[in-house]
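Counting from 3, one number per residue, gives the positions in the sequence shown under the numbering used here. Where a beta carbon is used, it is the ideal one built from N, C-alpha and C, also for glycine. Quick notes on the structure that follows.
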Amino acid sequence: MELKTIFMAFFIITTLVSFAYPSFVQEDVDDEQLVNPGPEMDAVVAISPASQEFNMYMLENLPPKFTTYLETCMDKMGSIFKRCNEDIIEEILTKKPVSRDCCMKVVKAGKECYVEIRKLMFRFYQLKRFASQVSIRTNDVWDRCSAEVENSSSSPR
Numbered sequence: 003m004e005l006k007t008i009f010m011a012f013f014i015i016t017t018l019v020s021f022a023y024p025s026f027v028q029e030d031v032d033d034e035q036l037v038n039p040g041p042e043m044d045a046v047v048a049i050s051p052a053s054q055e056f057n058m059y060m061l062e063n064l065p066p067k068f069t070t071y072l073e074t075c076m077d078k079m080g081s082i083f084k085r086c087n088e089d090i091i092e093e094i095l096t097k098k099p100v101s102r103d104c105c106m107k108v109v110k111a112g113k114e115c116y117v118e119i120r121k122l123m124f125r126f127y128q129l130k131r132f133a134s135q136v137s138i139r140t141n142d143v144w145d146r147c148s149a150e151v152e153n154s155s156s157s158p159r
């Protein structure tokens, strides 16, 4: 009987501690890089013939209205889109912040455009393995950029 009482007390204390201090129970992976910058990042975005076929097939099978919408979103960002897109993916994966110019273009295009482009990017063969891990980071990048643009536009010049 005493062993059962000790076990129940231990179980109850463990449960209460896990509710009071969730960090003891679960490791916070949001603060870790998904990819190290440099050669590892280069390897992630490298395109092979098989991945290129996968990507082309995926793009060809997008609904025409959605493709038009994405093109409009990309046009809103202007000629800087390609560079900013790569920088944003790098920030999501390595936590290397994008430039203020990119943030301004992203915010100008709008959150809906930003989110849909990110969803598309993480459907590409090279990046799809990270798709389940990037939704919070995608929002973090948006929040950081919108706050940075808001702060720069509200500060006196």
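- Remark: C-beta atoms of MET123 and ASN87 approach each other more closely than 9 angstroms.
- The segment 47-110 contains, as complete alpha helix (DSSP H) runs of 4+ residues, the segments 51-62, 66-79 and 83-96 (chain order).
- Non-local beta-carbon contacts of MET106 in its own chain, meaning distances under 6 angstroms to residues more than five positions away in sequence, involve VAL151 in chain order.
- Judged by DSSP in its simplified three-state form, TYR116 adopts helix.
- Distance from the CA of ARG125 to the CA of SER81, rounded to the nearest whole angstrom, comes to 23 angstroms.
- By the Cβ-count criterion, ARG131 is exposed, with fewer than 16 other Cβ atoms from all chains shown falling within 10 Å of its own Cβ.
- THR16 and MET10 have their alpha carbons spaced roughly 10 angstroms apart.
- Remark: C-beta atoms of VAL100 and VAL143 approach each other more closely than 9 angstroms.
- In this structure, the beta-carbon distance from LEU129 to ILE91 falls below 9 angstroms.
- Measuring C-alpha to C-alpha distances from TYR116 to each of LYS6, ALA52 and THR74 identifies THR74 as the nearest.
- The Cβ neighbour count for MET79, taken over all protein chains shown within 10 Å, is at least 16; the residue is labelled buried.
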